[in-house]
Amino acid sequence: MTNQSLTGAGGEFTGFGNYAEALGDKAVWQSLGNTAVFTLFTAAPLVVLSFVMAHLVYVGLPGQWLWRLSFFAPFLLPVSVVAALWQWMFQPGFGLVNATLDAWGIKQIGFLNTEGVAMFSVVLVTIWWTVGFNFLLYLSALQNIPDHLFEAAQLDGAGPWRRLFSITIPMVNRSTVMIVMLQILASLKVFEQIYLLTSGGPRGSTRSVLEYIYDIGFSGYRLGYASAISYLFFALIVVIAVVQLRLMNRKAS
399 MTNQSLTGAG
409 GEFTGFGNYA
419 EALGDKAVWQ
429 SLGNTAVFTL
439 FTAAPLVVLS
449 FVMAHLVYVG
459 LPGQWLWRLS
469 FFAPFLLPVS
479 VVAALWQWMF
489 QPGFGLVNAT
499 LDAWGIKQIG
509 FLNTEGVAMF
519 SVVLVTIWWT
529 VGFNFLLYLS
539 ALQNIPDHLF
549 EAAQLDGAGP
559 WRRLFSITIP
569 MVNRSTVMIV
579 MLQILASLKV
589 FEQIYLLTSG
599 GPRGSTRSVL
609 EYIYDIGFSG
619 YRLGYASAIS
629 YLFFALIVVI
639 AVVQLRLMNR
649 KAS
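Remember, our numbering sits 398 above the position in the sequence shown when you count from 1.
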């Protein structure tokens, strides 16, 4: 509730002025929209893809140790390494992706500097990088399903698809709810990969709420205003978390 600056200037009490300014700031709403788009296009694919990967390993995909390693290994990489790797792959001219497109006679694309494409490039990188965590959670849940359920179903003549939808998916339902909740919250708090890959560009089309808070506080030196946006975003996350918990408890009951 002050106009405190990072340089030490200001500090006067402003009441709810910072909050009112934040609610009327188009850049805040743009960054919130970007965060919502990112969450929408990462949460669902990460949950579905991680379950499919875990189920393939669980049912005995040949070379299990190799698949487990390849699925989980990217998650162990630091975000700086992930960003550097994909910046090289997306690099116009000599990057692996654009060089492949060029070899196929397709016009090269500025994956990280083209509005409308950059966000989906960040989404792709995020899915590749973080799917291993959900994969591990699902694999653990699948391994806890009693074998006798599948044996009994098989004796009753249930095929693989019937066992999948009648036993496997219902038995990991609680894990699915937890993974969905964790994934939505993690996606809402996205910062590092966007900051390193695009710095919020082009023209703010990939800037998340947390990156805008960072820019306002440490580049614009407006700590008071950045704090106000932080509190508003924190309140939004709390509301979303409470709604998710209530839905989870309702399904459990």
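For glycine and all other residues, C-beta sits at the position ideal for the given N, C-alpha and C.
Inter-residue spacing [alpha-carbon to alpha-carbon] between residue i and residue j
i	j	result
A586	L630	Before going further, note that residue 586 is Leu rather than Ala in the sequence given. The alpha-carbon atoms of L586 and L630 are separated by roughly 13 angstroms.
F436	G555	43 angstroms
G491	I611	34 angstroms
A624	H546	56 angstroms
D423	S603	16 angstroms
L454	R561	14 angstroms
A434	A481	21 angstroms
I638	W463	37 angstroms
V450	L537	10 angstroms
W559	A550	15 angstroms
L494	M487	5 angstroms
F470	P460	17 angstroms
V570	G458	18 angstroms
Y593	V575	29 angstroms
G557	Y456	16 angstroms
V446	L645	19 angstroms
S597	L621	20 angstroms
G618	F414	20 angstroms
R648	L580	18 angstroms
D500	T512	17 angstroms
I504	N496	9 angstroms
L553	V640	43 angstroms
W465	L474	15 angstroms
Proximity to residue i [Cα-Cα], best of the options
i	options	result
V344	V529, G622, I504	Residue coverage of the chain in this structure runs from 399 to 651, which leaves residue 344 outside it and unanswerable.
W484	W502, Q591, I614	Q591
S519	L534, N416, L595	L595
L438	V495, D500, A584	A584
I565	A501, I543, R648, R572	I543
V523	W502, A501, L499, P476	P476
Q489	F509, I504, K505, W502	F509
Beta-carbon gap between residue i and residue j smaller than 8 angstroms
i	j	result
F589	L608	yes
W527	P600	no
F582	Q642	Strictly speaking, residue 582 in this sequence is Ile, with Phe absent from that position. The answer is yes: Cβ separation under 8 angstroms.
L540	A442	no
I635	I627	no
T440	V521	yes
L535	S573	yes
Near the ligand COA: residue i beta-carbon under 7 angstroms from a heavy atom
i	result
G599	The ligand COA is not part of the structure shown, which contains no ligands of any sort.
Whole-Å CB distance - residue i paired with residue j, under 8 angstroms assumed
i	j	result
N532	S448	3 angstroms
I507	L444	Not quite, the Cβ-Cβ distance comes to about 24 angstroms (not below 8 angstroms), so this is no contact.
S606	S478	Rounded, the Cβ-Cβ distance is 18 angstroms, inconsistent with contact.
N432	M517	7 angstroms
A418	V426	Contact doesn't hold; Cβ gap of about 12 angstroms is too wide.
Could you name each continuous beta strand (DSSP E) segment of 3 residues or more that falls completely within the region 459 to 538, going from the start of the chain to the end? none
Residue ranges of each beta strand (DSSP E) within the region 565 to 621, 3 or longer: none
Mind pulling the alpha helix (DSSP H) runs of 4 or more residues that sit fully within the region 411 to 438? 415 to 421
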